[in-house]
Amino acid sequence: MRVGLFGLGRIGAFHAATMAAHPLVDELIVADPVRTSPYGRPGDPFESDAVVIATPTSTHAELIVRACALGIPVLCEKPVAGTVGETVKVLEARAGNRVHVGFQRRFDPGYAAAARAVRDRELGELHRVHLVTADPAPPPAAYLPLSGGIFRDCHVHDFDALRWVTGREVVSVYARGANRGAAFFAEAGDVDTSAALLTLDDGTLATLQGSRYNGGGYDVRMELAGTRRTQAVGLGPRAPLHTTEGMREPDDPWPDFVTRFATAYRDEIDCFLRGGQGLCSIEDALEALYVAEAADLSLREGRPVDVAEVRR
Numbered sequence: 001m002r003v004g005l006f007g008l009g010r011i012g013a014f015h016a017a018t019m020a021a022h023p024l025v026d027e028l029i030v031a032d033p034v035r036t037s038p039y040g041r042p043g044d045p046f047e048s049d050a051v052v053i054a055t056p057t058s059t060h061a062e063l064i065v066r067a068c069a070l071g072i073p074v075l076c077e078k079p080v081a082g083t084v085g086e087t088v089k090v091l092e093a094r095a096g097n098r099v100h101v102g103f104q105r106r107f108d109p110g111y112a113a114a115a116r117a118v119r120d121r122e123l124g125e126l127h128r129v130h131l132v133t134a135d136p137a138p139p140p141a142a143y144l145p146l147s148g149g150i151f152r153d154c155h156v157h158d159f160d161a162l163r164w165v166t167g168r169e170v171v172s173v174y175a176r177g178a179n180r181g182a183a184f185f186a187e188a189g190d191v192d193t194s195a196a197l198l199t200l201d202d203g204t205l206a207t208l209q210g211s212r213y214n215g216g217g218y219d220v221r222m223e224l225a226g227t228r229r230t231q232a233v234g235l236g237p238r239a240p241l242h243t244t245e246g247m248r249e250p251d252d253p254w255p256d257f258v259t260r261f262a263t264a265y266r267d268e269i270d271c272f273l274r275g276g277q278g279l280c281s282i283e284d285a286l287e288a289l290y291v292a293e294a295a296d297l298s299l300r301e302g303r304p305v306d307v308a309e310v311r312r
């Protein structure tokens with residue numbers, strides 16, 4: 001199989017190494033305006049049997065549409081596009097082509113186990129969910145105006161995981177935020193600390209917390225509490241946590257999302273190349289984006305927002 005890769009940034013370089021070592025990949029063609037890779041030859045990725053897109057958000061929609069016009073299967077890192085309107089246009093232009101979106105938590109063993117536990121009712125009746133995504137250090141200031149804000153850029157992963165694990169839809173969001181660090185967050189119209197209360201369509205409540213200044217390390221967790229038991233994801237030996245009951249921070253906490261989800265990223269690529277199931281569709285990515293849009297609107301207007309308000 002010949003595979004094309006657009007983008008050799010942090011996650012693109014990781015994908016290049018993964019695909020170069022994959023038994024189904026005979027040739028890897030890479031394209032990046034400023035970077036090169038030892039794992040593939042420069043060229044036109046569209047001259048391939050499948051394409052992976054790991055370029056900046058502003059380029060995603062055009063590249064997906066071009067791949068669809070050529071009938072080439074696509075795996076694109078989130079998001080599909082920068083706005084809801086653009087995402088809807090890409091969905092309409094898909095024309096039956098196989099397009100998947102990179103929400104890698106679906107391939108993390110912990111999140112997958114939680115999804116099975118909910119599906120099999122091992123937790124009993126689910127009553128509440130708590131989600132955490134906290135970065136150890138903020139992104140560069142120049143990135144923030146292009147990111148779409150913390151709910152679209154960061155917490156959209158939590159929103160997809162919440163939908164996928166619980167099998168429910170988010171119907172309303174009440175979001176808050178604060179700026180406790182560098183001034184460039186407020187200058188970009190963003191926040192560095194986030195919280196939200198989400199209501200699911202069966203009445204289950206979910207809470208969310210996030211930070212760009214989690215000094216202990218990269219912290220991503222999910223807790224699901226039911227009438228029979230509670231199940232947590234992300235409390236492994238590298239979780240950057242210290243408790244009064246004796247749990248101490250590890251010497252090697254997770255430094256970033258690529259390291260934390262390395263296995264999930266590899267399994268996601270494997271599933272895509274083999275034409276497997278379980279990958280995130282454009283429809284699923286759009287649903288997560290609707291929740292992010294509602295959260296951002298709630299943050300800006302200081303009120304609860306029904307997700308139906310932002311649907312197209």
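UniProt numbering puts the first residue of the sequence shown at 1, with every later residue one more than the last.
Think of the CB as a built atom: it goes at the ideal place given N, C-alpha and C, for glycine as much as any other residue.
Quick caveat, the model's predicted, so the values are computed rather than measured.
In this structure, does DSSP put residue i in helix, strand or coil?
i: residue 245; result: coil
i: residue 8; result: coil
i: residue 77; result: strand
i: residue 207; result: strand
i: residue 13; result: helix
i: residue 123; result: coil
i: residue 22; result: coil
i: residue 99; result: strand
i: residue 34; result: coil
Buried or exposed, going by whether 16 or more other CB atoms sit within 10 Å of the CB of residue i?
i: residue 152; result: buried
i: residue 143; result: exposed
i: residue 277; result: exposed
i: residue 296; result: buried
i: residue 192; result: buried
i: residue 48; result: buried
i: residue 34; result: exposed
i: residue 308; result: exposed
i: residue 293; result: buried
i: residue 201; result: exposed
i: residue 242; result: exposed
Residue range of the alpha helix (DSSP H) that residue i falls in?
i: residue 110; result: 109-119
i: residue 308; result: Note, residue 308: premise wrong, no alpha helix (DSSP H); not H, not E.
i: residue 50; result: No alpha helix (DSSP H) contains residue 50, which is instead part of the beta strand (DSSP E) from 50-53.
List the endpoints of the continuous beta strand (DSSP E) containing residue i.
i: residue 27; result: 27-31
i: residue 84; result: Note, residue 84: premise wrong, no beta strand (DSSP E); alpha helix (DSSP H) at 84-93.
task: Entirely within the region 128-201 and at least 4 residues each: give me those alpha helix (DSSP H) ranges in chain order.
output: Correct list: 144-147, 150-153, 156-166, 184-187.
- prompt: Between the region 131-143 and the region 209-219, are three or more C-beta pairs nearer than 8 Å?
  reply: Yes, the region 131-143 touches the region 209-219.
task: Please determine if the region 3-10 and the region 52-63 are in contact, where contact requires at least 3 C-beta pairs separated by less than 8 Å.
output: Taking a cut-off of 8 Å on C-beta distances, the region 3-10 touches the region 52-63, as three or more cross pairs fall below it.
message: Would the region 253-272 count as touching the region 288-297 if we require 3 or more Cβ pairs under 8 Å?
response: Flag = no, the region 253-272 and the region 288-297 do not touch.
field: Complete beta strand (DSSP E) runs within the region 211-281 (minimum length 3 residues, chain order)
entry: Residue ranges of uninterrupted beta strand (DSSP E) with 3 or more members, entirely inside the region 211-281 and ordered along the chain, are 219-226, 230-233.
query: Would the region 85-99 and the region 166-183 be scored as touching if the rule is three or more Cβ pairs under 8 Å?
result: Using a C-beta cut-off of 8 Å, the region 85-99 makes no contact with the region 166-183, since fewer than three inter-stretch Cβ pairs fall below that distance.
field: Segment contact flag, the region 194-211 with the region 117-134, C-beta cutoff 8 Å, min 3 pairs
entry: Yes, since at least three Cβ pairs between the region 194-211 and the region 117-134 fall closer than 8 Å, the two stretches touch.
message: Would you call the region 13-22 in contact with the region 266-283, where contact means no fewer than 3 C-beta pairs closer than 8 Å?
response: Short answer: they touch.
message: Closer than 8 Å is the cut-off here; do at least three beta carbon pairs connect the region 107-125 with the region 216-234?
response: The region 107-125 is in contact with the region 216-234.
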